[in-house]
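UniProt numbering puts the sequence shown at residues 1 to 153.
Backbone N, C-alpha and C fix where the C-beta goes; we use that ideal spot for every residue, glycine too.
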Amino acid sequence: MADPELEAIRQRRMQELMGQRSMGNNQKSEQQKAQEEAKREAEEQRQMILTQILTSEARARLARIALVKPEKARGVEDVIIRAAQMGQIVDQVSEERLISLLEQINTQTTKETKVTFSGSMNKVSAHLESVKKEVPLRGHSTPSLQSTVVNLP
């Protein structure tokens, strides 16, 4: 085989590989498009169900909650949709009923706040003692724990 023949074979092989690669990319992009379309349709159906179940005031309140805590709003939507599918919701959910549902969910999912100190307690105690001797902040006679930042080495 001469060099020009070898080069021609290499070129054909490279073109074949590039063609296969672009076909693979097209399949992936088609799959991604199909997945995005399915997600969009599911979200549209979800919003349509919520529009039928919730009053306009309840939808507005849920939208405001979604601005601040999207995961909480999504969870409340899930609960409402599930209840409607199971036949537990007969009438539209009013804003007052939504508020009571939110209160029930809040009591069930309260989070505990836990503060942990790293380092020895002697360092923490020494730091707190030194803070007590500093000038009070904002007119308070003693600094509060909220205004004190503890940096331990």
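query                                                                                                : result
Cβ-based burial, Glu36 [other Cβ within 10 Å; buried from 16]                                        : exposed
C-beta atoms of Ile105 and Val68 nearer than 8 Å                                                     : no
Exposure of Ile9, with buried meaning 16 or more beta-carbon neighbours within 10 Å                  : exposed
Test: Asp3 CB closer than 8 Å to a CB of chain B                                                     : No chain B appears in this structure, which consists of one protein chain only.
Option nearest Asp91 by Cα separation, candidates Ala73, Leu54, Glu103, Leu62                        : Leu54
Met14 to Pro4 span [Cα, whole Å]                                                                     : 15 Å
Beta bridge counterpart(s) of Leu54 as assigned by DSSP                                              : Val93
Start-to-end residues for the alpha helix (DSSP H) that takes in Gly75                               : 70 to 85
Ile80 burial status per 10 Å Cβ neighbour count (16 or more: buried)                                 : buried
Distance between Ser29 and Glu103 (C-alpha atoms, nearest Å)                                         : 44 Å
Neighbourhood of Asn151 by C-beta, 7 Å cutoff - its chain only, sequence neighbours within 5 removed : In this prediction, Asn151 scores a pLDDT of 49, lower than 50, which makes its location untrustworthy; the coordinate-derived value is nonetheless stated afterwards. Taken in chain order, the list of residues that qualify is empty.
Own chain, CB closer than 8 Å to Leu145, minus 5 neighbours either side, in chain order              : Unreliable positioning characterises Leu145 in this predicted model, as indicated by a pLDDT of 44, which lies under 50. The coordinate reading is nonetheless provided below. If we look at Leu145 and ignore the five residues flanking it on each side, it has no Cβ neighbours.
Leu101 beta carbon less than 8 Å from that of Arg61                                                  : no
Rounded C-alpha distance that separates Arg64 from Gly19                                             : 50 Å
For Gln85, the nearest candidate out of Arg46, Ser94, Pro70 (CA to CA)                               : Arg46
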